[in-house]
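J.: One structure follows; several queries about it will come next.
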Amino acid sequence: MGVEGIGARVARKEDKRFLTGKGRYTDDMVVPGMKYAYFVRSPYAHARVTGVDASAAKAMPGVIDVLDGKQLLADGIGNLICGWMIHSKDGSPMKMGAWRPLAHDTVRYVGDAVAVVIADSVAEARDAAEAVVVDYKELPVVTDAVSALGEGVPQIHPEAPGNLIFDWEIGDSSAADKAIAEAAHVTEIEIRNNRLSPNAMEPRAALGIYDAAEDHYTCYTTSQNPHVARLVMSAFYNVAPENKLRVIAPDVGGGFGSKIYIYPEEIVCLWASKKTGVPVKWTADRSEAFMTDAHGRDHVSKVKMAFDKDNRITGLKVDTIANLGAYMSLFSSSVPTYLYATLLSGQYDIPAIHCNVRTVYTNTVPVDAYRGAGRPEATYLLERTVETAARELGLSPAELRRKNFIRTFPHQTPVIMTYDAGDYDASLEAALAAADWNGFPARRAEAGRRGMKRGIGMSCYIEACGIAPSQAVGSLGAGVGLWESAEVRVNAVGTIEVLTGSHSHGQGHETTFAQLVADRLGVSIDSISIVHGDTDKVQMGMGTYGSRSGAVGMSAIVKALDKVEAKAKKIAAHLMEADESDIVLENGELKVAGTDKSLPWFQVALAAYTAHNLPAGMEPGLKESAFYDPSNFTFPAGCYICEVEVDPETGKTTIIQFVAADDFGNIINPMIVEGQVHGGIAQGIGQAMLENVEYDPTTGQLLTASFMDYAMPRADDLPSFNVSHQCTPCPGNPLGIKGCGEAGAIGSPPALINAITDAIGNNRLNMPATPQAVWRAMQAQI
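For our numbering, add 1468 to where a residue sits in the sequence shown, where the first one is 1.
See below:
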């Protein structure tokens, strides 16, 4: 490890521009003649659109035009789609209802767009939007997932009778039933995973530019995967041919999954630019973000876990109802199926597992992947159940988990996944030691003397990252491959540009990707530039989500570096009249092993481009590209322990300590990894204690449409985190990386809820554990 290479705590290169206000976000983009869009949105959760009168709005100052859904339909713009096909257990395909970018006949959630105003300023567009008269015929609503399947409830889409999108299963139902019937003990629990709003620091934005002279479109957008955005908008939404559409995702201020998808606004801005002849920009305000950004989670599950007389888990049966909102978002179908149910074995050797998942439409914002995407839901369900079982069996939660750990690898679970490597005992032991688990009874007694209730809880999580390989996910219904691309360009003076299909929206790629190259070639990271987010510069890529940038994106860079190094060695061997096998690359020099002969990196690069003395038949230049398609998922894992105090008078919970012991395989930059873990834990604490999207069940109105009503974690809600890393390298990629971006949000909620329920002595507590909810749970015990 060098001071800038793999394993070094290098400060993030990109932070200079962010901390000095020099970042370039979509809303910062200004082009000549640019106008502003403001959307007319439905105030009703479910209604027929019987008329749109924009005449008054069009006459207002600064208004360029007002466009509606019928015009969009007439111009052939297609429906938004879900890109992952799921079949019900009877073989029928999922029931995908029509989602128009601008609704022209029916609106299905509060915030569904029906028209757009284009004007000289945002203020003028907003004023004109208020003058657009839309006639609605209000319809009954349903907002709750369980209620959506009931008799006589409103029908959201004609394509989905009874609001059922699909009824899917995985595992062996008969084997799970047999294990439960023969069990010495069965733990049963109902688990609710609350609905969340992603709330990235930067709201979504889009700038559509149509160049009539070139018949070419450019879209600046807050996207985690600009190439997929271009593909979908051209191939499915008929916005523009792919070769005439450039998508640019500049600096993006956080995504957490919510910026993976294509939303109506990008489509409409591009279409409106051509329609009006002017560039069109839209930036969401925070209330729009609450109303329109894809939400996360929202599961209701019933669980049965079977144990034999030796307290080994013999079976698991899960029935889940997942709320997908009013429409199917781009990857929504994969979240409660292959990203959730396939992780229900957790870290445990469970011989029989069966999970049934029903997904439903409701009159709410569409639901899709949010940090962790299915893995948090699986971990919360499993770890709350195991903790409950330990209490019922009178066992230490640590001992029950230890007794059931998987210890032989590779391990084939009953729900598709093959775990390649891991040491779950190591993470558990590290967490127990860091948390002083054995000293807890004394701390609890001391808190009791002060009139406080003290509790401790743990969570042992596993997740699947670097979603792959493409052939496997394709067979499971994915509409795209999940490989990644990279191109390494060595310039004539030896500086290096790395073009990657991964996208950074806070992960520090400009630093960690440069560290990889610096470590490999022995050059300074200041001589390395990372290029991403522009479909005209970077060859096709799949973007960033699912903690895939290291395991998949960096592995593609390694493959390209292999080719660059091989060519550089051929050139060096030729120039120094040595055998190619004797050339070594060290500290920025190509050397002949065992001699004093060497050439600096820049000189070899220059020789590649002057081309005066290259090996026979070799092309000039030093630039190579590669695609990397993983052979398997990666499987980060860890153990989290949380200790809390609860005030019995108010129900207020204070986190005393939070310990995270993670196994991410090999780590490129420990400082950045720790930052990712800290952020993930903060989000998990937010879900467990504070955050919850709520709708009025009668009107479908969003009741949490601002930070006045939707509580986010603040500094005084969070303790200092005690984090450590154990390492079992991933055997499935050249760097041994597993991924770290989502772990904190996966492992923390069950650890915290387990701690609170331990403190108050009542296991019946759902997220979020607000002071009111905790106080009520305590009163129920009296």
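The beta-carbon is built from N, C-alpha and C at its ideal position, and this holds for glycine as well.
#1: With distances taken Cα to Cα, identify the nearest neighbour of Ile1716 among Val2006, Val1707 and Ala2041.
#2: Please list the terminal residues of the continuous beta strand (DSSP E) segment that includes Ala2094.
#3: Would a C-beta distance cut-off of 7 Å place Ala1899 and Val2127 closer than the cut-off?
#4: By DSSP's criteria, Val1585 is part of a beta bridge. Which residues make up the other side?
#5: Can you tell me whether DSSP reads Asp1558 as helix, strand or coil?
#6: Quick one: using the 10 Å Cβ neighbour count with 16 as the cut-off for buried, is Gln2155 buried or exposed?
#7: Have a look at Val1534, Arg1594 and Arg1576 and flag the residue whose alpha-carbon is nearest the alpha-carbon of Leu1607.
#8: Measure the CB-CB distance between Glu2033 and Ser1997 and report whether it falls below 7 Å.
#9: Could you give the DSSP three-state label for Trp1750: helix, strand or coil?
#10: Met1469 by DSSP, collapsed to three states: which one?
#11: Cα separation between Gly2229 and Pro2199?
#12: Suppose contacts are defined by Cβ-Cβ distances below 7 Å. Is Ser2017 in contact with Gly2215 by that definition?
#13: Count Cβ pairs between the stretch 1970–1986 and the stretch 2020–2030 that sit closer than 8 Å; are there 3 or more?
#14: My guess is that Asn1693 and Met2010 are in contact by the Cβ rule of under 8 Å, so how many angstroms apart are they, rounded?
#15: So, for His1695: in the same chain, excluding its five sequence neighbours on each side, which residues have a beta-carbon less than 6 Å away from its beta-carbon?
#16: Taking Cβ positions, are Ile2224 and Val2052 nearer each other than 7 Å?
#17: Should the stretch 2096–2109 be regarded as contacting the stretch 1881–1890, the criterion being three or more beta carbon pairs within less than 8 Å?
#18: Do you know how far the Cα of Ser1995 is from the Cα of Tyr1795?
#19: With the cut-off set at 7 Å, would you say Leu2082 and Val2072 are in Cβ contact?
#20: Tell me, please, which residues DSSP counts as bridged to Val1769.
#21: May I ask you to report which of helix, strand or coil DSSP gives Asn1693?
#22: Take the Cβ of Met1469 as the centre, count every other Cβ of all protein chains shown within 10 Å, and call the residue buried at 16 or more, exposed below.
#23: Between the stretch 1651–1658 and the stretch 1743–1755, can you find at least three pairs of beta-carbon atoms closer than 8 Å?
#24: What is the C-beta distance between Pro2104 and Phe2132, in whole angstroms, given that I count them as a contact (C-beta under 8 Å)?
#25: If I measure Cβ to Cβ from Gly1969 and keep anything under 8 Å in the same chain, skipping five residues before and after, which residues do I get?
#26: For Thr1782, does the three-state DSSP call read helix, strand or coil?
#27: By how many angstroms is the C-alpha of Gly1974 removed from the C-alpha of Gly2209?
#28: Reducing DSSP to helix, strand and coil, say where Arg1594 ends up.
#29: Quick one: residues in its chain with C-beta nearer than 6 Å to the C-beta of Ala1593, no 5 flanking neighbours on either side, listed in chain order?
#30: Scan the stretch 2129–2202 and note each continuous beta strand (DSSP E) run of 3 residues or more that stays entirely inside, going in chain order.
#31: Pull up the DSSP beta-bridge partners for Asn1824, would you.
#32: Taking 8 Å as the limit between beta carbons, can you name the residues of its chain near Gln2249, skipping five residues before and five after?
#33: Output the distance between the C-alpha atoms of Ala1479 and Met2139, rounded to the nearest integer angstrom.
#34: Which residues in the same chain have their Cβ closer than 7 Å to the Cβ of Ala2213, if we skip the five residues on either side of it in sequence?
#35: May I ask you to list the residues that DSSP assigns as paired with Val1669?
#36: Assuming Ala1583 contacts Leu1535 under a Cβ cut-off of 8 Å, what Cβ separation, rounded to an integer in Å, is found between them?
T.: To lay it out plainly:
#1: On the sequence shown, position 248 is the one that residue 1716 refers to. Between Ile1716 and the set Val2006, Val1707 and Ala2041, the nearest pair of CA atoms involves Val2006.
#2: Within the sequence shown, numbered from 1, the residue matching residue 2094 stands at position 626. Its beta strand (DSSP E) spans residues Lys2091 to Tyr2096.
#3: Here residue 1899 corresponds to residue number 431 of the sequence shown, with the count starting at 1. Here residue 2127 corresponds to residue number 659 of the sequence shown, with the count starting at 1. Yes, Cβ-Cβ distance for Ala1899 and Val2127 is below 7 Å.
#4: In the sequence shown, the residue the question calls residue 1585 occupies position 117. In DSSP, Val1585 forms a bridge with Tyr1506 and Val1534.
#5: The residue given as residue 1558 occupies position 90 in the sequence shown. If DSSP states are grouped into helix, strand and coil, Asp1558 belongs with coil.
#6: To locate residue 2155, count along the sequence shown from 1; it is residue 687. Buried.
#7: Taking the sequence shown and counting its residues from 1, the one referred to as residue 1607 is at position 139. With distances taken between Cα atoms, Leu1607 lies closest to Arg1576.
#8: In the sequence shown, counting from the first residue as 1, residue 2033 sits at position 565. In the sequence shown, counting from the first residue as 1, residue 1997 sits at position 529. No, these two residues do not count as a Cβ contact at 7 Å.
#9: On the sequence shown, position 282 is the one that residue 1750 refers to. Reduced to three states, the DSSP call for Trp1750 is strand.
#10: As a position in the sequence shown, residue 1469 is number 1, starting the count at 1. Only weak support exists for where Met1469 lies, its pLDDT of 44 falling under 50; the value from the coordinates is given anyway. In this structure, Met1469 counts as coil in the three-state DSSP scheme.
#11: Taking the sequence shown and counting its residues from 1, the one referred to as residue 2229 is at position 761. Taking the sequence shown and counting its residues from 1, the one referred to as residue 2199 is at position 731. Cα to Cα, the separation comes out at about 43 Å.
#12: Within the sequence shown, residue 2017 is the residue found at index 549, counting from 1. Within the sequence shown, residue 2215 is the residue found at index 747, counting from 1. Taking 7 Å as the Cβ cut-off, Ser2017 and Gly2215 do not qualify as a contacting pair.
#13: With the cut-off at 8 Å, the stretch 1970–1986 and the stretch 2020–2030 touch.
#14: Taking the sequence shown and counting its residues from 1, the one referred to as residue 1693 is at position 225. Taking the sequence shown and counting its residues from 1, the one referred to as residue 2010 is at position 542. At roughly 6 Å, the Cβ-Cβ gap stays under 8 Å, so Asn1693 and Met2010 are in contact.
#15: Taking the first residue of the sequence shown as 1, we reach residue 1695 at position 227. Hits under 6 Å: Thr2003, Met2008 and Gly2009.
#16: The sequence position of residue 2224 within the sequence shown is 756, counting from 1. The sequence position of residue 2052 within the sequence shown is 584, counting from 1. Cβ atoms of Ile2224 and Val2052: not closer than 7 Å.
#17: yes
#18: Here the question's residue 1795 lines up with position 327 in the sequence shown. Here the question's residue 1995 lines up with position 527 in the sequence shown. Straight-line Cα distance between these residues: approximately 47 Å.
#19: Here residue 2082 refers to the residue found at position 614 of the sequence shown. Here residue 2072 refers to the residue found at position 604 of the sequence shown. Their beta carbons are not under 7 Å apart, which means Leu2082 does not touch Val2072 by this criterion.
#20: Working through the sequence shown from its first residue, we reach residue 1769 at position 301. In the sequence as displayed, the identity of residue 1769 is Ser instead of Val. Its beta-bridge partners are Ile1659 and Thr1788.
#21: Translated into positions along the sequence shown, residue 1693 becomes position 225. If DSSP states are grouped into helix, strand and coil, Asn1693 belongs with coil.
#22: In the sequence shown, residue 1469 corresponds to position 1, counting from 1. Any answer about Met1469 is weak, because its pLDDT of 44 lies below 50 and its placement is not dependable; what the coordinates show is given next. Result: exposed.
#23: no
#24: Looking up residue 2104 in the sequence shown gives position 636. Looking up residue 2132 in the sequence shown gives position 664. With a Cβ gap of about 5 Å, Pro2104 and Phe2132 count as contacting.
#25: Position 501 of the sequence shown holds residue 1969. Correct list, in chain order: His1695, Glu1952, Ser1953, Ala1954, His2000, Val2006, Gln2007, Met2008, Gly2009, Met2010, Gly2011, Gly2021 and Ala2024.
#26: The count along the sequence shown starts at 1 and reaches residue 1782 at position 314. In the structure shown, the three-state DSSP call for Thr1782 is strand.
#27: As a first step, residue 2209 must be located in the sequence shown, where it is residue number 741. As a first step, residue 1974 must be located in the sequence shown, where it is residue number 506. If I take the Cα positions, the gap works out to 10 Å.
#28: To locate residue 1594, count along the sequence shown from 1; it is residue 126. Three-state result, Arg1594: helix.
#29: The residue labelled residue 1593 in the question sits at position 125 within the sequence shown. Contacts found: Tyr1504, Tyr1506, Val1585 and Ala1587.
#30: 2189–2194
#31: Position 356 of the sequence shown, counted from the start, is the residue given in the question as residue 1824. Its beta-bridge partners are Glu1637 and Asp1787.
#32: Position 781 of the sequence shown, counted from the start, is the residue given in the question as residue 2249. The beta carbon of Gln2249 is closer than 8 Å to those of Ile2228, Gly2229 and Asn2230 in its chain, skipping five residues each way along the sequence.
#33: Working through the sequence shown from its first residue, we reach residue 1479 at position 11. Working through the sequence shown from its first residue, we reach residue 2139 at position 671. One C-alpha to the other measures close to 8 Å.
#34: Taking the first residue of the sequence shown as 1, we reach residue 2213 at position 745. These residues qualify, in order along the chain: Arg1839, Gly1840, Pro1844, Gly2148, Gln2151 and Gly2152.
#35: The count along the sequence shown starts at 1 and reaches residue 1669 at position 201. Note that residue 1669 is Met in the sequence shown here, rather than Val. In the DSSP output, where bridge partners are listed per residue, Met1669 has none listed.
#36: The residue given as residue 1583 occupies position 115 in the sequence shown. The residue given as residue 1535 occupies position 67 in the sequence shown. The pair is a contact, with the Cβ atoms about 6 Å apart (cut-off 8 Å).
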